[in-house]
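I have placed the structure first, in the form of structure tokens, so that the comments after it can refer back to it.
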Amino acid sequence: MTTTDTSYAVAAYDLVKTYPKNVTALDGLSVTVDAGQIFGLLGPNGAGKTTAVKILTTLARPDSGTAVVAGHDVARHPRRVRTAIGAVAQRSSADPVATGRDNLALQGRLYGMGGTALRRRIDELLERFALVDAADRRVRTYSGGMQRRLEVALGLVHRPAVLFLDEPTTGLDPEARAAMWDEITQLAGDEGLTIVLTTHYLEEADRLADRLAIIDAGRVMATGTPAELKGELYGDAVHIDLRTALDEAAATAARTALAAVPGVREVALDGSRLSARADDGAAVVPGALAALEGAGVAVAAVTAARPSLDDVYLRYAGRRFADADADLVTAGGES
Amino acid sequence: MSALLTDTWWMTARRLKIGMAQPVFLVISLIQPVIWLFLFGNLFERVVDLGGFGTDSYLDYIVPGVVVMNALAWNMWAGMGTLEETSQGTLNRFLVTPVRRSAIMNANVFEQAVGTIVQSVVIVLLAWWAGATFDSGLPGVALLILLAVLLGVIFGSMSNAIGMLVRQRESIIGINTLLLLPLTFLSTVFMVRDLMPDWMATVSRFNPLDWAVVASRSALSATPDWGLVLSRGGWLLALAVLMVALSIRTFRSYQKAV
Ligand SMILES: Nc1ncnc2c1ncn2[C@@H]1O[C@H](COP(=O)(O)OP(=O)(O)OP(=O)(O)O)[C@@H](O)[C@H]1O
Ligand SMILES: [Mg+2]
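Protein chains in written order, with the numbering used here: chain A, -19 to 315; chain B, 1013 to 1270.
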């Protein structure tokens, strides 16, 4: 598996990376990405997403394992990889005391660009990322959203074949996030770019990624298209919130009553929340409500939903995504 | 090769722009040499009476030392710039472009050298205004500044390497505090070797700061000892090349730790 396989835009085999104090950031991570795809690396804080991106973009060196990006081995030909890729880091990387335009110009120079070609490319990117008015201001004065857009522009100056985006929308308001999503979709669509993006937003992965890998603790838990991953969980999720937590006898009665409803499977009770699966969630709701009423259990709310990536995550990582990612808001937000 | 040159050019231009945006550092760091030159110079004016200084003006004696010591003190802070580049993410961004690693370090070296030259010229002008004499004239002064730059490259590169490895301001501050005064006093910056205790005289011969002082003092005298100037200058050059090479090597360690 360690031979140079150029049929993929990105191929990583068994990447292992440990940091001092025995922190295993990557624990045998393998992924392949087809050219022209948007590939999502989805995982909670500390899953190893950034570490994977650092290795694939030649910034960091793995302890073991190999990776081929844009046809070149990252360890043996890092410069060839660097020429072919663009990388947008999770944290801001623009020079804060230089202007947006100067940042873009230097970036182009480092890829050997210059003259009118570079000037035109910069104008084009400023336009595209709505930075024309701010172009000649110091980056330090930019808003979080503007900085994020500049970062993406920096990664695109030299028209890379593969673009790495490490949490491109973290810290953006909903409007800016939607705009960034459109931009990313367009890049992959019109320009045939391969995009590897990391995210800990399930919604983002679901919406943008053609394929994705769910990673946790430095390992890939599952790969596939969002639809495939969700399809593995057959049926819809039905959640029933109860008015009060139940004592043991009442809990057994409630579970038995719900399980007896035709079409309902896998009943579970967690505090005051009953969960079940059903082939057709909406269809079983009336029956479920009647059964619970018959058992003397008071219901506060019912939801029936198509399986989400959250459910997929729960299945593979053994815990809810939101629990694994409890400090989502504090980490990686705008600082 | 030409790619390395253009890389170095663009990276240096960038560093200089950043440096010029904050000239205040250049000025603040001149306060110390001025104190040495004028307060220390006046306070110890009479030590030349002890003999062996080769001049009857203590000011003349300490000018090369103060220039060289200032170069040391200034360049020792180079790592702070590197540290800032790592913490603000710019270094990581450059490292995933095809830019040569050596160009990144060269840019730091050149930026520091420009600072060293500007400061050295100012110190020389101040000393001249205060009545110091430069027997061998401009060529001697040029050599003094060149030697100061070489010494600066040695300690600047060391500081850059430390900045990249330790990634903590405190470490740089600690190392600088630890090194600056011993290096200065274990040298002939303020005192001739014959008047030092034996062990100090011995240790001082291995001090790169002393090489720069001895060589530049000789270069500034009416009858330079070219053998001395060239040998000490050569040692400094060799050490400078070595330290730059080492600082470029630290990118490898950085790649493992990042
Ligand atoms: N430079 C480093 N030194 C030491 N430990 C590190 C370093 N970088 C990452 N780690 C550790 O490696 C693990 C994986 O971190 P990584 O940044 O790859 O996670 P992530 O999936 O990107 O998380 P997030 O969503 O918070 O960005 C974490 O436990 C982290 O603390
Ligand atoms: Mg991350």
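We put the beta carbon where it would ideally sit given N, CA and C, even for glycine.
Given the structure is predicted, the values throughout are model-derived calculations rather than measurements.
Within chain B, the residues placing a beta-carbon under 7 Å from that of residue 86 (chain A) are 1022, 1026, ordered along the chain.
For residue 1104 (chain B), the chain A residues whose Cβ falls inside 7 Å of its Cβ are 39, 69, 73, in order along the chain. For residue 1127 (chain B), there are no neighbours in chain A by C-beta distance under 9 Å, as the nearest C-beta there is about 17 Å away. When DSSP states are grouped into helix, strand and coil, residue 122 (chain A) belongs to the coil group. Counted as a single uninterrupted DSSP element, the alpha helix (DSSP H) harbouring residue 1196 (chain B) occupies residues 1181 to 1197. The Cβ neighbour count for residue 1036 (chain B), taken over all protein chains shown within 10 Å, is under 16; the residue is labelled exposed. Annotation for residue 259 (chain A): 215, 243 place their beta carbon closer than 7 Å to its own, counting only its chain and skipping 5 residues before and after. In the DSSP assignment, residue 246 (chain A) falls within the unbroken beta strand (DSSP E) covering 244 to 250. Out of A:121, A:197, A:14, A:125, the CA that lies nearest to the CA of residue 109 (chain A) is found in A:125.
In the displayed model, residue 1105 (chain B) falls within a helix according to three-state DSSP. Close partners of residue 1091 (chain B) in chain A (Cβ separation under 8 Å) are lacking, with about 18 Å as the shortest Cβ gap. The C-alpha of residue 1133 (chain B) is placed about 21 Å away from the C-alpha of residue 1030 (chain B).
Look at the beta carbons and you see the segment 217 to 225 of chain A touching the segment 275 to 291 of chain A: at least three pairs across the two are nearer than 8 Å. In the DSSP assignment, residue 201 (chain A) falls within the beta strand (DSSP E) that extends over 199 to 204. If only uninterrupted alpha helix (DSSP H) runs of at least 4 residues are considered, those enclosed by the segment 33 to 73 of chain A are 58 to 64. Within the same chain, Cβ atoms closer than 6 Å to the Cβ of residue 66 (chain A) are found at 135, 136, 140, 143, the five residues on either side in sequence being excluded.
Using a 10 angstroms sphere on the CB of residue 1193 (chain B), the tally of other CB atoms stays under 16, which defines it as exposed. Between residue 112 (chain A) and residue 130 (chain A), the C-beta gap is not smaller than 8 Å, which leaves the two residues out of contact. Closest in C-alpha terms to residue 53 (chain A), from the list A:-10, A:-3, A:17, A:274, comes A:-10. In the structure shown, residue 236 (chain A) adopts helical secondary structure according to DSSP, grouped into three states. Residue 70 (chain A) has its CB nearer than 7 Å to a heavy atom of ligand 1. Contact annotation: the segment 1099 to 1115 of chain B does not touch the segment 1139 to 1153 of chain B, with fewer than three C-beta pairs closer than 8 Å. Counting only residues of its own chain and dropping the five nearest sequence neighbours on each side, residue -3 (chain A) has a CB closer than 6 Å to the CB of 5, 6, 31, 42, 43. Note on residue 1032 (chain B): under 16 other CB atoms within 10 angstroms of its CB, so exposed under the neighbour-count rule. Of all residues in the segment 26 to 51 of chain A, only 34, 37, 38, 39, 40, 41 come within less than 7 Å of chain B when Cβ atoms are compared, listed by chain position. The secondary-structure analysis by DSSP pairs residue 256 (chain A) across a beta bridge with A:218. The contact set of residue 236 (chain A) on chain B, defined by CB atoms closer than 8 Å, is empty, because the minimum CB distance reaches about 56 Å. Using a 10 angstroms sphere on the CB of residue 1167 (chain B), the tally of other CB atoms reaches 16 or more, which defines it as buried. A distance below 7 Å between beta-carbons, with the five flanking residues on each side excluded, links residue 28 (chain A) to the following residues of its chain, in chain order: 5, 6, 9, 195, 198.
In terms of Cβ geometry, residue 1161 (chain B) and residue 1038 (chain B) do not form a close pair [threshold 8 Å]. For residue 1262 (chain B), the closest Cβ of chain A is not nearer than 8 Å. Here residue 239 (chain A) is exposed: its Cβ has fewer than 16 other Cβ atoms, across all protein chains shown, within 10 Å. If you compare the alpha carbons of B:1141, B:1243, B:1225 with that of residue 1195 (chain B), the shortest gap goes to B:1225.
Of A:132, A:168, A:92, A:102, the smallest CA-CA separation from residue 1019 (chain B) is found for A:92. Not one heavy atom of ligand 1 falls within 7 Å of the beta-carbon of residue 151 (chain A).
Taking a C-beta distance under 8 Å as the contact criterion, residue 1262 (chain B) and residue 1119 (chain B) do not qualify as a contact pair.
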